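Peer 1: Below is the structure I would like to discuss, written out as structure tokens.
There are 2 protein chains.
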Amino acid sequence: MLSDRVRMDAYYNSIFRNKSHFLDKVVLDVGTGSGILAIWSAQAGAKKVYAVEATKMTDHARELVRANNLEGIVEVIEGSIEDVILPEKVDVIISEWMGYFLLRESMFDSVICARDRWLKPTGVMYPSHARMWLAPIRSGLGDHKMSDYEGSMDDWQYFVKNTKNHYGVDMSILTKPFSEEQKKYYLQTSLWNNLHPNQVIGTPAVVKEIDCLTVTVEEILVVTANVSSSIIKEETRLCGFSGWFDVHFRGSKENPAEEEIELTTEPSEENGTHWGQQVFLIHPPTHVCSGDDLNINFAMSRSKENHRLMEVDLGCEVKQSSGKLLQSFKHKFFIE
Amino acid sequence: MLSDRVRMDAYYNSIFRNKSHFLDKVVLDVGTGSGILAIWSAQAGAKKVYAVEATKMTDHARELVRANNLEGIVEVIEGSIEDVILPEKVDVIISEWMGYFLLRESMFDSVICARDRWLKPTGVMYPSHARMWLAPIRSGLGDHKMSDYEGSMDDWQYFVKNTKNHYGVDMSILTKPFSEEQKKYYLQTSLWNNLHPNQVIGTPAVVKEIDCLTVTVEEILVVTANVSSSIIKEETRLCGFSGWFDVHFRGSKENPAEEEIELTTEPSEENGTHWGQQVFLIHPPTHVCSGDDLNINFAMSRSKENHRLMEVDLGCEVKQSSGKLLQSFKHKFFIE
Chain B
1 MLSDRVRMDA
11 YYNSIFRNKS
21 HFLDKVVLDV
31 GTGSGILAIW
41 SAQAGAKKVY
51 AVEATKMTDH
61 ARELVRANNL
71 EGIVEVIEGS
81 IEDVILPEKV
91 DVIISEWMGY
101 FLLRESMFDS
111 VICARDRWLK
121 PTGVMYPSHA
131 RMWLAPIRSG
141 LGDHKMSDYE
151 GSMDDWQYFV
161 KNTKNHYGVD
171 MSILTKPFSE
181 EQKKYYLQTS
191 LWNNLHPNQV
201 IGTPAVVKEI
211 DCLTVTVEEI
221 LVVTANVSSS
231 IIKEETRLCG
241 FSGWFDVHFR
251 GSKENPAEEE
261 IELTTEPSEE
271 NGTHWGQQVF
281 LIHPPTHVCS
291 GDDLNINFAM
301 SRSKENHRLM
311 EVDLGCEVKQ
321 SSGKLLQSFK
331 HKFFIE
Chain C
1001 MLSDRVRMDA
1011 YYNSIFRNKS
1021 HFLDKVVLDV
1031 GTGSGILAIW
1041 SAQAGAKKVY
1051 AVEATKMTDH
1061 ARELVRANNL
1071 EGIVEVIEGS
1081 IEDVILPEKV
1091 DVIISEWMGY
1101 FLLRESMFDS
1111 VICARDRWLK
1121 PTGVMYPSHA
1131 RMWLAPIRSG
1141 LGDHKMSDYE
1151 GSMDDWQYFV
1161 KNTKNHYGVD
1171 MSILTKPFSE
1181 EQKKYYLQTS
1191 LWNNLHPNQV
1201 IGTPAVVKEI
1211 DCLTVTVEEI
1221 LVVTANVSSS
1231 IIKEETRLCG
1241 FSGWFDVHFR
1251 GSKENPAEEE
1261 IELTTEPSEE
1271 NGTHWGQQVF
1281 LIHPPTHVCS
1291 GDDLNINFAM
1301 SRSKENHRLM
1311 EVDLGCEVKQ
1321 SSGKLLQSFK
1331 HKFFIE
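Residue numbers (my numbering), protein chains in the order written: chain B, 1 to 336; chain C, 1001 to 1336.
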């Protein structure tokens, strides 16, 4: 968290420009890490802050709380939020829970659990809202990845031939599983990238909106959306799609923020974040023109092997403005 | 295993130049992976090969056995060697169990367990012997690592200042633990490297000899040695130490190999392996001359947090040939 300026500024401003949400209030920081959000909450006037953290980072958090003279206010608790017992309900839950493309890591589950157990009915969530975005992009990465994949398969073929000739073992039966493994790795695994805004070639679409005060775990297990995007570049290559998120600090309906703060991870020349964007490349790229419409079917679910990782099904129809279908494809991706 | 030619050749030759060890014999391959050693054993004439593997690689191994028409001879068994029950004792245990600097990964424990449970009293081990080597080296890596460490600390100091000024939080209390963490990462973690033989500046010394037929797990939990090395380069910098290993395929005393095969991971211009060498850098380097003697105290034990990783204590006295003590130092390293 600490070395990402965009992230630091967003949380800092959300707290210090909305001090009334913290003044004399009880705050719970879920996954406090080094303790920075808990410390800011206390500095903004909270009367008590519970800073819960599952890892040994609590040692550092405690030192930091002491060094900043907040021992009386911030209580660092080592334990999982699902198990921890607090002596009281809280007015604010603050947390920096967002993973790549918002939901990777599935840490939001713990925040929802904390909310259901410990937030007063009048309480507010920091952040209060979140959105997932998807947009068509152009990128040279796809060509590189395809060439990496082809190189890897060339090496394999050489190896199979060599193993047969030198060592008398026929490995060709493994060519298919090897190829599938390499395809998954090189072509189907989403990439981290801080894209230039110029690389976004169509209107971005929201694929999920979350109200952090009311959403349930069931509602984020699977994210599905059918959205449209219009190509906005004259003539270009559709090389894939990019996913990012934003969150907002709006307080609650009854208790709105004095100043609403936004934290966005959209492609940006100046304000890149450590989250970057997730890039889903299609192979081969396809030619598109200004005015073409994309009809996108998006579905994201958790990996069965590891619920912190994600699988994405992405279908797309490319239509001319006349309505003529130019192309359609469907790809599976893995957010690893 | 498969793409390391030195490794492949050593195992291949150890089997096919010692066919009498395999002809009509029962073989156990511990951690068979893709099954290649089991297949070779069968091709060399074994009447039965048990190929045990704990991971899902067994699927590939079974396919490979079938594709090479050895279904009747090689039996692939998925399970941990500690739990598996074989229907009979075996004449040969073959395994490619060696990790970085021989013992990292601690996979040899499983081979010892297999030997004690399943090897006939007359049985042989493939490989039969192993040695760990240590030698003084020169290397430019140390300067890079020191500069990386210093860069990281500069970034931290900037960050601490910035966090105080912009965000009102004093993080300086964490400078010491941060610095220790960075020191461990940049300066105390051993590095993988395929050294050029020219970089070895003193006579290599054996720090451990293992007879695979008789060694116990207790005897490899901690490796200690007090060894000497003479500097063999005119004037140079002692930048650290390099550790590597070799193994030999000698059969047993009663049943020696027809042709003894060696697999070495020593620094080599032509025959580098995927194991490379482990490099332990000292900071700062020290000036040494031809004829200087190093008295080296070496101790390696398993990490308490993860028994597959290692901790190394390395003490060294540098003496002139006259016996005059030039320098002495002691460093702790981590093989991660």
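Where is the CB? At the ideal position from N, CA and C, for every residue including glycine.
What you are looking at is a predicted structure, and each value in this text was computed from that prediction instead of being measured.
Buried or exposed: where does N1069 of chain C fall if 16 or more other Cβ atoms within 10 Å of its Cβ makes it buried?
Peer 2: With fewer than 16 neighbouring CB atoms inside 10 Å of its own CB, N1069 of chain C falls in the exposed class.
Peer 1: Would you mind giving the Cβ-Cβ distance between T1286 of chain C and V1318 of chain C, rounded to the nearest angstrom? I have them listed as a contact below 8 Å.
Peer 2: 7 Å
Peer 1: Is there a Cβ from chain C that is less than 8 Å from the Cβ of A114 of chain B?
Peer 2: no
Peer 1: How many angstroms separate the CA atom of I261 of chain B from the CA atom of W133 of chain B?
Peer 2: 18 Å
Peer 1: For D170 of chain B, which residues in chain C fall below 7 Å Cβ to Cβ?
Peer 2: A1067 and N1068
Peer 1: Which runs of the alpha helix (DSSP H), 4 residues or longer, sit entirely within the stretch 1213–1268 of chain C?
Peer 2: Within the stretch 1213–1268 of chain C, the complete alpha helix (DSSP H) segments of 4 residues or longer fall at 1217–1221, listed in chain order.
Peer 1: DSSP puts A51 of chain B in a beta bridge; with which residues?
Peer 2: B:D29 and B:V76
Peer 1: So which of C:R1308, C:R1007 and C:M1146 has the shortest CA-CA distance to P1284 of chain C?
Peer 2: C:M1146
Peer 1: In the DSSP assignment, what are the bridge partners of P136 of chain B?
Peer 2: B:F241
Peer 1: Can you name the residues of chain C whose CB is closer than 7 Å to the CB of I94 of chain B?
Peer 2: Those do not exist, as I94 of chain B stays about 15 Å from chain C at its closest Cβ, beyond 7 Å.
Peer 1: Beta carbons nearer than 8 Å to chain C: which residues of the stretch 38–50 of chain B have them?
Peer 2: I39, W40 and Q43
Peer 1: What are the boundary residues of the alpha helix (DSSP H) that includes T189 of chain B?
Peer 2: Where T189 of chain B is concerned, there is no enclosing alpha helix (DSSP H), given that its DSSP letter is neither H nor E.
Peer 1: Does the Cβ of E258 of chain B have 16 or more other Cβ atoms within 10 Å, making it buried, or fewer, making it exposed?
Peer 2: Exposed, since its Cβ has fewer than 16 Cβ neighbours within 10 Å.
Peer 1: Buried or exposed: where does G72 of chain B fall if 16 or more other Cβ atoms within 10 Å of its Cβ makes it buried?
Peer 2: exposed
Peer 1: Kindly indicate which three-state DSSP category G1151 of chain C falls into: helix, strand or coil?
Peer 2: helix
Peer 1: Could you compute how far the alpha carbon of D292 of chain B sits from the alpha carbon of A135 of chain B?
Peer 2: Taking the CA atoms as reference points, D292 of chain B sits about 14 Å from A135 of chain B.
Peer 1: Using a beta-carbon distance cut-off of less than 9 Å, what residues from the stretch 120–137 of chain B approach chain C?
Peer 2: If the cut-off is 9 Å between Cβ atoms, the stretch 120–137 of chain B has nothing near chain C.
Peer 1: Quick one: which chain B residues come within Cβ less than 9 Å of E1063 of chain C?
Peer 2: I173, L174 and P177
Peer 1: Helix, strand or coil, according to DSSP, for G291 of chain B in the structure here?
Peer 2: coil
Peer 1: Give the single residue among B:L102, B:K120 and B:Q278 whose Cα lies nearest to the Cα of S139 of chain B.
Peer 2: B:Q278
Peer 1: CB-CB under 6 Å to A1299 of chain C, same chain, minus the five flanking residues each way: which ones, in chain order?
Peer 2: T1224 and D1313
Peer 1: Alpha carbon to alpha carbon, how far is C1239 of chain C from R1250 of chain C? Give it in angstroms, no decimals.
Peer 2: 36 Å
Peer 1: With 16 other CB atoms within 10 Å as the buried threshold, where does W118 of chain B fall?
Peer 2: buried
Peer 1: What does F101 of chain B pair with, by DSSP beta-bridge criteria?
Peer 2: In the DSSP output, where bridge partners are listed per residue, F101 of chain B has none listed.
Peer 1: Can you pull the chain C residues whose beta carbon is under 7 Å from the beta carbon of Y12 of chain B, in chain order?
Peer 2: Y1167
Peer 1: So, under 8 Å CB-CB, H274 of chain B and D4 of chain B are touching, yes? Tell me the CB distance rounded to an integer number of Å.
Peer 2: 5 Å
Peer 1: With a threshold of 16 other CB atoms inside 10 Å of the CB of Y158 of chain B, please say whether the residue is buried or exposed.
Peer 2: Burial call: exposed.
Peer 1: Out of B:N194, B:S179, B:H196 and B:L195, state which residue places its alpha-carbon closest to the alpha-carbon of Q188 of chain B.
Peer 2: It is B:S179 whose Cα lies nearest to the Cα of Q188 of chain B.
Peer 1: Restricting to Cα atoms, I'd like to know which of B:G276, B:T203 and B:V30 is closest to V84 of chain B.
Peer 2: Among B:G276, B:T203 and B:V30, the Cα nearest to that of V84 of chain B is on B:V30.
Peer 1: Evaluate G123 of chain B with the Cβ neighbour count: other Cβ atoms within 10 Å of its Cβ, from every protein chain shown; 16 or more gives buried, anything less gives exposed.
Peer 2: buried
Peer 1: Going straight from the alpha carbon of E1105 of chain C to that of K208 of chain B, what length do you get?
Peer 2: Going by the C-alpha atoms only, they are around 44 Å apart.
Peer 1: Give me, in chain order, the residues of the same chain whose beta-carbon lies closer than 7 Å to that of H196 of chain B; leave out the 5 immediate sequence neighbours on both sides.
Peer 2: P267 and E269
Peer 1: Can you look up D1211 of chain C in the DSSP assignment and give me helix, strand or coil?
Peer 2: strand
Peer 1: Tell me, please, which residues DSSP counts as bridged to T286 of chain B.
Peer 2: B:L238
Peer 1: According to DSSP, is K1145 of chain C part of a helix, a strand, or is it coil?
Peer 2: Helix at K1145 of chain C.
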